[in-house]
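Report on one structure; see the data block that follows.
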């Protein structure tokens, strides 16, 4: 079990709850914006929130049982498996017809950006580093990258709200996604076990323990999905509309 102070757990939970709740609110607004009534809109938000809360609870139980914990003498892939499985589940959920319509709605890009405000919870990595629980080689790029993404989301969302969708939105999502990839790669490479190819002191073992483990297993999948969906939305919007050719032309 982790020995990190209780305030670290509080910040992790605040970021997780804030991200999830904001996504649910945005789903509700999106459903209303596509013409659905209050009951269906509330149902979409409730199902999304309940489903993710169930996964958070399950992930916490798995972490408490040391399922994610890295072992020095064997491969323990369950942390990255959980993260990528959760990401795949979120992306698959966007194929549900009502969710697809919400994502096709005009304000969808703004709604996909707002939940990224809570990426500032990456400050917990810097706190853990200061407490000697995480190496600077991981905490600095992961923590500062998350904080920068959270702050950047405020300005990007404001521009999108004004109808300005340009390179800033594209680069925001590319760099935000890259931040997650870099943090995940360093986190796994510096962890104890057969995948330990990066020697940092201390190791990143704390990432597999509560409360920090909730970030890669329940927050990162949401953040990554938001970036992927935003980039897809921008790509679709940038395609020139096809003009039908008149018959006989």
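Numbering (this note's numbering), first residue to last: -7 to 241. Every residue, glycine too, gets a C-beta built ideally from N, C-alpha and C.
Residue 31 has its alpha-carbon roughly 36 Å from the corresponding atom of residue 166. Positions of the alpha helix (DSSP H) runs, each at least 4 residues long and wholly inside the region 197 to 234, are given as 212 to 230 in order along the chain. For residue 34, the closest C-alpha among the options 21, 69, 221 is that of 21. Judged by DSSP in its simplified three-state form, residue 165 adopts helix.
With contact defined as three or more Cβ pairs closer than 8 Å, the region 197 to 204 and the region 94 to 113 are not in contact.
According to the DSSP assignment, residue 38 belongs to the alpha helix (DSSP H) that extends over 30 to 56. As the crow flies, the alpha-carbon of residue -2 is around 20 Å from that of residue 11.
When secondary structure is reduced to three states using DSSP, residue 186 falls in the coil class, being assigned neither helix nor strand.
By alpha-carbon distance to residue 218, the top candidate from 150, 63, 48, 111 is 111. The Cβ atoms of residue 209 and residue 78 lie closer than 8 Å to each other. Here the C-alpha atom of residue 183 lies approximately 5 Å from the C-alpha atom of residue 195. In the DSSP assignment, residue 77 falls within the unbroken alpha helix (DSSP H) covering 70 to 85.
In this structure, residue 134 and residue 117 form a Cβ contact; the two beta carbons are roughly 5 Å apart against a cut-off of 8 Å.
Here residue 113 carries a helix assignment [DSSP, helix/strand/coil].
A distance of 8 Å or more separates the beta carbons of residue 185 and residue 99.
Rounded to the nearest angstrom, the gap between the Cα atoms of residue 162 and residue 192 is 33 Å.
Taking a C-beta distance under 8 Å as the contact criterion, residue 152 and residue 102 qualify as a contact pair. DSSP, read as helix, strand or coil, puts residue 192 in coil.
Burial is judged here by how many other beta carbons sit within 10 angstroms of a residue's own beta carbon; residue 207 has at least 16 and is buried. Residue 109 and residue 146 do touch by the CB rule: their CB atoms are close to 6 Å apart, below 8 Å. For residue 26, the secondary structure class from DSSP, reduced to helix, strand or coil, is coil.
Rounded to the nearest whole angstrom, the CA to CA distance from residue 164 to residue 144 is 7 Å.
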